[in-house]
Amino acid sequence: MPGSEVHLVTEGSEAAGFPGLATAVGMIEDAEAKGLLRPGGTVVEASSGSLGVALAAVCAGKGYGFLCVTDPEVPPGRLALLKRLGAQITGVTRRDANGGFLLSRIERVRELLTADPRLVWLNPYAYSAHSAARSARTAAAILAELGRVDHLFLAAGALRTLRGCLDHFREFSPRTRVTAVAVPDDQFPEPGGPPEATDALLLIPAPEAVRMCRRLAAEHGLAAGRPTGAVLAAVVRAAPSIDSGSRVLALAPDPRHRRTGPFGDGNPAPRAAASTVPPHPPHSAAPHEETRS
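In terms of the numbering used here, the sequence shown opens at residue 132 and continues consecutively.
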């Protein structure tokens, strides 16, 4: 993309060092206000990412129990952190129809709710307050800093970020083309997938996302997880269709400085609000894209 800018913005860490903490607080307080969560209650959630850690932290601070449904792909470091925060862990091992674990985790949550109706599921995939939390923070900060964004790429699996950014960009920057990015085995648990307000959905195979993670580590010293790798791989794929002089933003949904496991060596990477990543020549295969009408 000659003459274009590509910015990588990480969600990074909020207060107490947990990405998604504001969202977790909002979800818990909303459940309290509705009378769904009372003193001594236990929250159950299906999470392989940072939301589970944030919920564990909030529940610990408020005196609630927290039961987290995970899967074999959750990094050991994240499991250890969940346990340190007092979370109980239960897992699934059976892959779902998409080849991943997301739907299996959701199914396990529903089984637990049937077995123990006292459990409280906040269901982030259908939680409307996510939009308000993220619109007021991530998207507003991005536009304030960059001024103009022609293309926005972000992970469809991070629904709380996606919905919030969509709301804000559609209101304050309607000319921005928004592309949701997903890995095929991380499909959407709710009908309809990502919000229809996106302009396109780009599917990136897991191996391609992993290759981008390794490239980031080798060339830029950034230890990223698969969702971030997928988002940046999507930018590379879409490069031929992006006009020269465009300002492109890739929103990374995971915290670089805490990423360990198969895509990083566990060493902390330098933290930065934004960095420019020059893409390699586009992948030879045509992107699997669904254009929104």
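By construction, the Cβ of each residue, glycine as well, lies at the ideal position given by its N, Cα and C atoms. The structure presented is a predicted model; accordingly, all values stated were derived computationally and were not measured.
Identify the continuous alpha helix (DSSP H) that holds residue i and give its terminal residues.
i: R306; result: No alpha helix (DSSP H) contains R306, which DSSP labels as neither H nor E.
i: A364; result: 357 to 369
i: P206; result: Taken as a continuous stretch (DSSP letters only), P206 belongs to no alpha helix (DSSP H), as it is neither H nor E.
i: A337; result: 337 to 351
Looking only at its chain, what residues have a beta carbon closer than 6 Å to the beta carbon of residue i, apart from the 5 residues adjacent to it on each side?
i: T307; result: V280, L283, F300
i: A177; result: V200, R236, I237, V240
i: P133; result: S375
i: R357; result: A340
i: G471; result: This structure gives no information on residue 471, because the portion of the chain shown stretches from 132 to 424.
i: L347; result: L353, A355
i: A286; result: V312, P358, V362, P384
i: M343; result: G360, L363, A364
i: V205; result: S179
i: P170; result: none
i: D227; result: L234, S235
Kindly indicate the opening and closing residues of the beta strand (DSSP E) around residue i.
i: A218; result: Per DSSP, A218 belongs to no beta strand (DSSP E) and is neither H nor E.
i: L198; result: 196 to 201
Checking the sheet assignment: what are the DSSP bridge partners for residue i?
i: A381; result: L139, F284
i: T173; result: G196, L250
Excluding the 5 residues preceding and the 5 following residue i in the sequence, name in chain order all residues of the same chain whose CB lies nearer than 7 Å to its CB.
i: V366; result: V137, F284, V379, A381, P410
i: A403; result: Any reading at A403 must be qualified, since the residue scores a pLDDT of 30, below 50, and its modelled position is unreliable; the value itself is stated next. Excluding positions up to five away in sequence, the list is empty.
i: A162; result: L168, V251, L253
i: A271; result: H299
i: E302; result: none
i: G246; result: The question names Gly, yet the displayed sequence has Ala at residue 246. Cβ neighbours of A246 beyond the five flanking positions: none.
i: E160; result: none
Tell me, to the nearest whole angstrom, how far the beta carbon of residue i is from that of residue j; I am working on the premise that it is less than 8 Å.
i: A211; j: A185; result: The pair is not a contact, with the Cβ atoms about 16 Å apart (cut-off 8 Å).
i: A331; j: T359; result: Going by Cβ atoms, the distance from A331 to T359 rounds to 19 Å, so no, they are not a contact pair.
i: A218; j: A187; result: 4 Å
i: T269; j: G295; result: 6 Å
i: L213; j: A191; result: Not really, about 10 Å apart at Cβ, beyond 8 Å.
i: S304; j: S135; result: S304 to S135, Cβ: 17 Å. No contact.
Kindly indicate which three-state DSSP category residue i falls into: helix, strand or coil?
i: V314; result: coil
i: A331; result: strand
i: I159; result: helix
i: L186; result: helix
i: I373; result: coil
i: G278; result: coil
i: P133; result: coil
i: A403; result: Because the pLDDT of A403 is 30, which lies under 50, any placement of that residue in the model is unreliable, and the number read from its coordinates should be weighed accordingly. Three-state DSSP puts A403 in coil, outside helix and strand.
i: D227; result: coil
i: L244; result: helix
i: S179; result: coil
i: A354; result: coil
i: L167; result: coil
i: F232; result: coil
i: P322; result: A caution first: P322 carries a pLDDT of 40, below 50, which makes its placement in the model too unreliable to give a value.
Near residue i, what residues of its chain come up, given a Cβ to Cβ distance below 8 Å and the 5 sequence neighbours on each side ignored?
i: L243; result: V175, L198, V200, T221, L250
i: L167; result: V251
i: P336; result: V314, P315
i: P203; result: G222, T224, F232
i: L274; result: V280, H299, F300, F303, S304
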